[in-house]
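Accompanying notes for the structure given below.
Residue numbers (the UniProt record's numbering): 1 to 366.
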């Protein structure tokens, strides 16, 4: 607009003058707020950089305010929610959660972080909404919660995801910041190179949604790799299957996921392990799998692992029994077209069907 025209309009149009004044007032207010927020985030980042953090323990603090805000927004926290946060660190995410939730239960193993977290919450007047459990998250007993929002250390990602998904606590969603590679395995589908036992077990009972990638530069100290945010939501309906036996069954199949099922179940040690399990069940011996075992077999078992299994020495098996039991299993595989299939190519529906067929033939995994 021509400056002379604008000058004339300002002289004769008071409403325009008022509009211009309001615009500049709002602009200056936003600029001041933005400057303050940026300065506060930089101060927090500087103080966190001075704190000695242990990379070996997975202590990488997320400091990017835009990423933190996105995580809170996508987790869809409701004002009545109790949020479980695991590994809150110095509280960058915690403070944002406290502003929108009824309560936040933070599980932190590092005493230094606990003290900083309490101090920061008190500074914001939010201490009454914060409960802190100073324990190892894998050993802690979680109280009731509605959702989980967490930046999970890579070293405990698999057992912790398993504990949350298969635990006794009912939840609406888990919004998790994970190492990118781990997230890809969790999101993998049959036929994908990353498809593994963890994905199979989680997706039996829940749906997994990819949210976004997060750069390693958004953390202090910077990890070696990028991260990803995923949301896990429980399915409304799950197959009618014994979940303890399901996890034992998938451990058997995915210990050698790229071999055919025929090859897996022809291994003498594998058959002996199943037969001993069957005999122990008959003798009322303990045969349940550990509820906190690690489902991420891609990183914890090699392809040739045929171990006889815990407790294998309790019951002896004759050669004839082993041979008969193996024939029974192979007969089920052949009759139903599974012998030449690889576990890494099968859907959960197909695996559930196979487990049911084996059960009908008297083959059990617990």
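In this text, a Cβ means the ideal position worked out from N, Cα and C, and glycines have one as well.
Output yes or no for whether 9 Å exceeds the beta carbon distance between residue 210 and residue 225. Walking along the chain shown from the start, residue 210 turns up at place 210. Walking along the chain shown from the start, residue 225 turns up at place 225. Going by C-beta atoms, residue 210 is not nearer than 9 Å to residue 225.
Pick helix, strand or coil for residue 363, following the three-state DSSP scheme. Numbered from its first residue, the chain shown carries residue 363 at position 363. Coil at residue 363, not helix or strand.
Between the CA atoms of residue 242 and residue 263 - distance to the nearest angstrom: The sequence position of residue 263 within the chain shown is 263, counting from 1. The sequence position of residue 242 within the chain shown is 242, counting from 1. Their backbone Cα atoms lie some 25 Å apart in a straight line.
Option in 348, 78, 352, 94 with minimal Cα separation from residue 68: Against the chain shown, residue 68 aligns to sequence position 68. It is 94 whose Cα lies nearest to the Cα of residue 68.
CB contact flag (residue 201, residue 169, <9 Å): By one-based count along the chain shown, residue 201 stands at place 201. By one-based count along the chain shown, residue 169 stands at place 169. Cβ distance not < 9 Å, so residue 201 and residue 169 don't count as in contact.
Within the same chain, show all residues whose beta-carbon is closer than 7 Å to that of residue 195, passing over the 5 residues directly before and after it, in chain order. Taking the chain shown and counting its residues from 1, the one referred to as residue 195 is at position 195. Cβ within range, chain order: 188, 189, 344.
Can you check DSSP and say which residues form a bridge with residue 85? Counting from 1 along the chain shown, the entry for residue 85 is found at position 85. BP columns for residue 85 point to 106.
Alpha carbon to alpha carbon, how far is residue 153 from residue 177? As a working note, residue 153 is residue 153 in the chain shown. As a working note, residue 177 is residue 177 in the chain shown. Their Cα atoms are separated by approximately 9 Å.
Sorted by chain position, which residues of the same chain lie with C-beta nearer than 6 Å to residue 74's C-beta, five sequence neighbours on each side aside? Indexing the chain shown from 1 puts residue 74 at position 74. Same-chain partners within the cutoff: 211.
In the DSSP assignment, find the alpha helix (DSSP H) that holds residue 201 and state where it starts and stops. Here residue 201 refers to the residue found at position 201 when the chain shown is read from its first residue. It spans 197-205 - the alpha helix (DSSP H) in which residue 201 sits, taken as one unbroken run.
Is the segment 129-144 close to the segment 99-107, with three or more CB pairs under 8 Å? Cβ pair count under 8 Å is three or more, so yes.
Do you know how far the Cα of residue 163 is from the Cα of residue 61? On the chain shown, residue 61 is found 61 positions in, with the first residue counted as 1. On the chain shown, residue 163 is found 163 positions in, with the first residue counted as 1. For residue 61 and residue 163, the gap between their C-alpha atoms comes out near 23 Å.
Can you grab the Cα-Cα spacing for the pair residue 155 / residue 59, in whole Å? Translated into the one-based positions of the chain shown, residue 155 becomes position 155. Translated into the one-based positions of the chain shown, residue 59 becomes position 59. Distance between the alpha carbons of residue 155 and residue 59: 10 Å.
If you drop the 5 nearest sequence neighbours on each side, which residues of the same chain put their C-beta closer than 8 Å to that of residue 51? Reading the chain shown from its first residue, position 51 is the one you call residue 51. 90, 112, 116, listed in sequence order.
How many Å lie between residue 173 and residue 180 at the Cα? Numbered from its first residue, the chain shown carries residue 173 at position 173. Numbered from its first residue, the chain shown carries residue 180 at position 180. Rounded to the nearest angstrom, the two C-alpha atoms are 19 Å apart.
Comparing alpha-carbon positions, which option in 136, 203, 193, 135 lies nearest residue 166? Residue 166 sits at position 166 when you count from the first residue of the chain shown. Closest option to residue 166, judged by alpha-carbon separation, among 136, 203, 193, 135: 203.
With a CB to CB cut of under 6 Å and the five nearest residues on each side skipped, what residues in its chain are close to residue 341? Sequence index remark: in the chain shown, residue 341 carries index 341 (1-based). For residue 341, the CB contacts under 6 Å within the same chain, skipping 5 residues up- and downstream, are 261 in chain order.
Identify whether residue 332 lies in helix, strand or coil by the three-state DSSP scheme. The count along the chain shown starts at 1 and reaches residue 332 at position 332. In the three-state reduction of the DSSP assignment, residue 332 falls in the helix class, which pools H, G and I.
Residue 156: first and last residue of the uninterrupted beta strand (DSSP E) it sits in: Here residue 156 refers to the residue found at position 156 of the chain shown. It is not in any beta strand (DSSP E) - residue 156 carries neither H nor E in the DSSP assignment.
Thinking just about the alpha-carbon of each residue, which of 149, 268, 121, 171 is nearest to the one in residue 329? Counting from 1 along the chain shown, the entry for residue 329 is found at position 329. Ranked by Cα distance from residue 329, the first of 149, 268, 121, 171 is 268.
Residue 250 versus residue 125: straight-line alpha-carbon distance, rounded: Residue numbering aside, residue 250 sits at position 250 when the chain shown is read from its first letter. Residue numbering aside, residue 125 sits at position 125 when the chain shown is read from its first letter. Between residue 250 and residue 125, the alpha-carbon positions lie close to 48 Å from each other.
Would you call the CB atoms of residue 353 and residue 336 closer than 9 Å? The residue you call residue 353 lines up with position 353 of the chain shown. The residue you call residue 336 lines up with position 336 of the chain shown. Here residue 353 is near residue 336, since their CB atoms are less than 9 Å apart.
Measuring alpha carbon to alpha carbon, tell me which residue in 147, 239, 123, 193 is nearest residue 71. Residue 71 sits at position 71 when you count from the first residue of the chain shown. The residue with the shortest Cα to Cα distance from residue 71 is 147.
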